[in-house]
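Residue numbers (numbering that gives the first Met the number 0), protein chains in the order written: chain B, 0 to 383; chain A, 0 to 372.
Just so you know, even glycine gets a beta-carbon here, dropped at the ideal spot from N, CA and C.
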Amino acid sequence: MDFTYPREVEEFRAEFGKYLDSVVTPDLLEEISTSGAETTGALTKAFWRRLGADGYFGLGWPKEYGGGGKSVLYLHAFNYVMMYRRLPVPIVTLNTVAPALMRVGSEEQKKEYLPRILRGEIEFAIGYSEPGAGTDLASLETRAVRDGDTYVVNGQKVFTSGAHHSDYVWLAVRTDPDAPKHRGISLLIVPLDSEGIEVRPFPTMGGYRTNITFYDNVRVPLSALVGEENRGWVYITTQLDFERIAISPIPGIERVFDSVTNFMRDNGHGSGDWTRSAVARWAAEINALKVMDLKMASMVANGEVPYYEASLLKVLSTEFQTRFYGEALEALGQPGLIKRGSEGALLQGDVERALKSSLVLLFGGGSNDVQRDIIATHGLGLAR
Amino acid sequence: MLFADSETQKLLRDTARSFLRDRYPWERLYELERGRAQLSASDLGEFAGLGWLGLTVPESAGGAGASLLEAAVVIEEMGYAGVPSPVSGTCTAGYLLASAEGAEAEKHLRALSSGSRLYTIAESSRRAATNGDPTLRFDGGRWSGKLAPFPFGMAADFLLAPLWVDGTDSFALITLEKARREPVMVLDRADYAQVSFDNLPAERIVILAEGPAAREICERCDALTTAFGTIELAGLMQRVTEMTAEYISNRVQFGQPIAKFQAARHHAADMLMQTQTARWTAYHALARFQADPEDTQEIWLAKHWAVRASQTVFELAHLLHGGVGVGTEYPLHLLTQGVAAWAVRAGDLNEMVSRIDCGLGLFESRSAEKSVV
Numbered sequence: 000m001d002f003t004y005p006r007e008v009e010e011f012r013a014e015f016g017k018y019l020d021s022v023v024t025p026d027l028l029e030e031i032s033t034s035g036a037e038t039t040g041a042l043t044k045a046f047w048r049r050l051g052a053d054g055y056f057g058l059g060w061p062k063e064y065g066g067g068g069k070s071v072l073y074l075h076a077f078n079y080v081m082m083y084r085r086l087p088v089p090i091v092t093l094n095t096v097a098p099a100l101m102r103v104g105s106e107e108q109k110k111e112y113l114p115r116i117l118r119g120e121i122e123f124a125i126g127y128s129e130p131g132a133g134t135d136l137a138s139l140e141t142r143a144v145r146d147g148d149t150y151v152v153n154g155q156k157v158f159t160s161g162a163h164h165s166d167y168v169w170l171a172v173r174t175d176p177d178a179p180k181h182r183g184i185s186l187l188i189v190p191l192d193s194e195g196i197e198v199r200p201f202p203t204m205g206g207y208r209t210n211i212t213f214y215d216n217v218r219v220p221l222s223a224l225v226g227e228e229n230r231g232w233v234y235i236t237t238q239l240d241f242e243r244i245a246i247s248p249i250p251g252i253e254r255v256f257d258s259v260t261n262f263m264r265d266n267g268h269g270s271g272d273w274t275r276s277a278v279a280r281w282a283a284e285i286n287a288l289k290v291m292d293l294k295m296a297s298m299v300a301n302g303e304v305p306y307y308e309a310s311l312l313k314v315l316s317t318e319f320q321t322r323f324y325g326e327a328l329e330a331l332g333q334p335g336l337i338k339r340g341s342e343g344a345l346l347q348g349d350v351e352r353a354l355k356s357s358l359v360l361l362f363g364g365g366s367n368d369v370q371r372d373i374i375a376t377h378g379l380g381l382a383r
Numbered sequence: 000m001l002f003a004d005s006e007t008q009k010l011l012r013d014t015a016r017s018f019l020r021d022r023y024p025w026e027r028l029y030e031l032e033r034g035r036a037q038l039s040a041s042d043l044g045e046f047a048g049l050g051w052l053g054l055t056v057p058e059s060a061g062g063a064g065a066s067l068l069e070a071a072v073v074i075e076e077m078g079y080a081g082v083p084s085p086v087s088g089t090c091t092a093g094y095l096l097a098s099a100e101g102a103e104a105e106k107h108l109r110a111l112s113s114g115s116r117l118y119t120i121a122e123s124s125r126r127a128a129t130n131g132d133p134t135l136r137f138d139g140g141r142w143s144g145k146l147a148p149f150p151f152g153m154a155a156d157f158l159l160a161p162l163w164v165d166g167t168d169s170f171a172l173i174t175l176e177k178a179r180r181e182p183v184m185v186l187d188r189a190d191y192a193q194v195s196f197d198n199l200p201a202e203r204i205v206i207l208a209e210g211p212a213a214r215e216i217c218e219r220c221d222a223l224t225t226a227f228g229t230i231e232l233a234g235l236m237q238r239v240t241e242m243t244a245e246y247i248s249n250r251v252q253f254g255q256p257i258a259k260f261q262a263a264r265h266h267a268a269d270m271l272m273q274t275q276t277a278r279w280t281a282y283h284a285l286a287r288f289q290a291d292p293e294d295t296q297e298i299w300l301a302k303h304w305a306v307r308a309s310q311t312v313f314e315l316a317h318l319l320h321g322g323v324g325v326g327t328e329y330p331l332h333l334l335t336q337g338v339a340a341w342a343v344r345a346g347d348l349n350e351m352v353s354r355i356d357c358g359l360g361l362f363e364s365r366s367a368e369k370s371v372v
């Protein structure tokens, strides 16, 4: 049993930290903290192009696509460092779109998109959920109908995060309404500046903006199809497994834990009887999450696909996260409730905002109740 | 013993439920939450007209002469309606001022009940001063200092505040007219302000009590603030639970309402268990305090329970609502933000643990330690 990160990954992590120290400017941090995901600002885009040019987006990509051909542990270390520092990562583009294109994209698509993704030049939004298709994603109704050499798309998507600053939407559409619901879905790459697309803001708690997107007779060429027609469900579910690993809240949890405990040390604020026991419990829980997170990364590195294991970590980490931020507010007391921007806000109002932002992950990336079903079925072999 | 509303409580509840539903639709609450509007003089006038601001003030001083348990019903309904309400503050102020004697106190009680002046409580000023520093200094006949942010800080005319003045426990009535006020946005509300004084003339702050007498009033202020706060929290939790039950009954996935799935049903059942227990323990604690104001232990126990119960309700409501629930144009967040904030407000878990342990005779009370400083 070997529990250690390979030495070269540790070295990479340290080097990458130093690299970030040299390229992350106070202006960039200011842009990130004030934009509140409202938009990807000019400095953030420039930062991504820099990361792309310096090879960080393609670390784990096969060499044939211009990547570094490194083990997934490098990617894990990269994501961890970025998220711990709250630096934005074009996560769905890198972890959802790119791997799918490598597996099932046409040669033309690979040539057109992969190099630009690698250079940090383009960004994708994901268009899966609909008003009537959330947890039950396979009942989605957005239609794509062939008309000569184009698909004509009509419908509505919700939680199209990033659509207001992305270049393309990775769109799940129904191409065969007569087939069983899992067998009539396809994936299309749709430029977001296509005629007939409307992007409306959907603001959420914690200041994060996502979108509702409307598709009114949007035309894309048949070459926009990803993989085979009506095989979209298979592609979507495989990618969700990757997404479940990529959207781990653990680095963010650790950042808040570190900043709250540093604040306590600096201000003699942690002497409350309840806080003393809570901090020890948080530390134990975070340790458990980190170990399970490493196990998951290690599985992927060894060529296994975590399935129920990914669900297990998703449930534990997201539920702990919401509970932890609420408890951290208890420990900080009433001053912790003050929002960023008002006088007296503790830790720039980070914990207050983190609590609100954390809620999305209870259901995003697959509702925790569905994850528990997966764990029961695939972890324990229980009959459905 | 009857665990049910009395006739008077029923009447108050029905009136409050329908009045608040009519006057505070979600659109109005969004405006308040975002700080685009504040409760106006006409809102306060309506509350006063219904007798709510002076519920705990004796009839002889212009109030409604209601019991604490009756006042609690209106406060619970404010939570249920999601209205950022001054009522728990005015009811606490009325209760505390009513225990003071003299013409000056009666003048304030009349102004409070009629709504001609708004009174609020800075309960957190003493609770927040964890390092033992005085919150206000009195020097050369003038006041200086800064209070921790408190509700209705921009709008209130008078403030009742448990304070440490020059290291002494004090309980003060402060005229806010000349104070410097800065609006403060908190997790769920936009009506807080930070108030500071710089060489304020002596007469602007009336010290109602000092030393042991002040400690007694401060204890009552803390206890009542916590009890009312827990009941307001229970009102919020009840509404969140009902909204969630309604949502899962109507939301169809996999061809049926998600309320048909056992996991969703069990979550909703957990929410109800937590909510009802929080509510009844808070009322029970308040009844004991009403009978004997020194009997506060159950108030701390009730808040301790309610904090943990509220975390379950907060989390499960959002889990069951999915994406729609976090949208700021959907009303759930107006209530769940309140649930999260009231879990901390009016006495956090550290304070509850310390008080409970002290009440059990196990450890020294932290607040007792502090008041010796």
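Check                                                                                                                                                                                  : Outcome
Cβ closer than 7 Å: which chain B residues qualify as neighbours of M77/A?                                                                                                             : Within chain B, no residue comes near M77/A; the closest Cβ sits about 18 Å away, beyond 7 Å.
Buried or exposed for D257/B, going by 16 or more other Cβ atoms inside 10 Å?                                                                                                          : exposed
At a Cβ threshold of 8 Å, is E253/B touching chain A?                                                                                                                                  : no
State the CB to CB distance for the pair A245/B and I90/B, rounded to an integer number of angstroms; the pair is presumed to be in contact (CB under 8 Å).                            : 6 Å
In chain B, which residues lie with their C-beta within 7 Å of the C-beta of L348/A?                                                                                                   : W273 and E329
With a threshold of 8 Å, are at least 3 pairs of Cβ atoms found where one atom belongs to the region 301-311 of chain B and the other to the region 324-337 of chain B?                : no
Just to make sure I have the definition right: I need the residues of chain B whose C-beta is within less than 9 Å of the C-beta of T274/A. Which are they?                            : None at all; the shortest Cβ gap to chain B is about 16 Å.
Tell me the rounded alpha-carbon separation between N130/A and V259/B.                                                                                                                 : Model confidence at N130/A stands at a pLDDT of 47, short of 50, so the residue's coordinates are unreliable and nothing is read from them.
What's the C-alpha gap between F260/A and G195/B?                                                                                                                                      : 38 Å
Spatial neighbours of E318/B within its chain, please: C-beta separation below 8 Å, excluding the five flanking residues on both sides.                                                : L361 and N367
Going along the chain, which unbroken runs of the alpha helix (DSSP H) with 4 or more residues stay wholly within the region 198-238 of chain A?                                       : none
Taking the beta carbon of W279/A as the centre, do at least 16 other beta carbons fall within 10 Å, making it buried, or is it exposed?                                                : exposed
Go ahead and label A367/A buried or exposed: buried means 16 or more other beta carbons lie within 10 angstroms of its beta carbon, across all protein chains shown.                   : Only weak support is given to the placement of A367/A: the predicted model assigns it a pLDDT of 43, under 50, and the value that follows is read from those uncertain coordinates. A367/A should be labelled exposed.
I want to see whether chain B comes within less than 8 Å of F196/A, judged by CB atoms only; does it?                                                                                  : no
Candidates G364/B, R230/B, S70/B and L27/B: which alpha carbon is nearest L86/B's?                                                                                                     : L27/B
Relative to the C-alpha of E293/A, which candidate in H265/A, V338/A, M351/A and A222/A has its C-alpha closest?                                                                       : A222/A
Cβ closer than 7 Å: which chain B residues qualify as neighbours of M270/A?                                                                                                            : Chain B residues near M270/A: none, gap ~14 Å exceeds 7 Å.
Jot down the residue ranges of each uninterrupted alpha helix (DSSP H) in the region 91-122 of chain A, minimum 4 residues, whole runs only, in chain order.                           : 102-113
Give every residue of the same chain whose Cβ lies closer than 6 Å to the Cβ of A80/A, excluding the five residues on either side of it in the sequence, and list them in chain order. : L19 and Y23
Going by DSSP, which residues form a beta bridge with T149/B?                                                                                                                          : D146/B and P220/B
Output yes or no for whether 8 Å exceeds the beta carbon distance between Y150/B and A223/B.                                                                                           : yes
Let's see if you can read the secondary structure: which residues bound the alpha helix (DSSP H) around P85/A?                                                                         : Element bounds for P85/A: n/a, residue is neither H nor E.
Output, in sequence order along the chain, the residues in the region 100-125 of chain B whose CB is closer than 7 Å to any CB in chain A.                                             : none
Establish whether the CB of P161/A and some CB of chain B are separated by less than 8 Å.                                                                                              : no
Below 8 Å on the Cβ atoms is my contact criterion, and I expect W281/B with F323/B to pass it. Report the Cβ-Cβ distance as a whole number of Å.                                       : 6 Å
Using only the alpha-carbon positions, how far apart do Q275/A and S66/A sit?                                                                                                          : 22 Å
Please state whether DSSP places G66/B in a helix, a strand or coil.                                                                                                                   : coil
Determine the direct distance from the alpha carbon of A97/A to that of A286/A, and round the result to whole angstroms.                                                               : 19 Å
Per DSSP, what are the beta-bridge partners of E197/B in this structure?                                                                                                               : F213/B
Using the Cα positions of F11/B and V255/B, report the straight-line distance between them to the nearest angstrom.                                                                    : 24 Å
Shorter than 8 Å from the beta carbon of T295/A to some beta carbon of chain B?                                                                                                        : no
Could you check which residue in A76/B, A132/B, Y83/B and Y4/B has the C-alpha nearest to that of P256/A?                                                                              : A132/B
For I355/A, collect the residues of the same chain with a Cβ closer than 8 Å to its Cβ; drop the 5 residues on either side in sequence, then sort them by chain order.                 : Q296, W299, L300 and H303
If you measure from the beta carbon of T327/A to each beta carbon in chain B, is any gap under 8 Å?                                                                                    : yes
Can you pull the chain A neighbours of E342/B, defined as C-beta to C-beta under 7 Å?                                                                                                  : E181, V183 and Q193
Apart from the five residues just before and just after L328/B, which ones in its own chain have a Cβ nearer than 8 Å to its Cβ?                                                       : G335, L336, V350, E351 and L354
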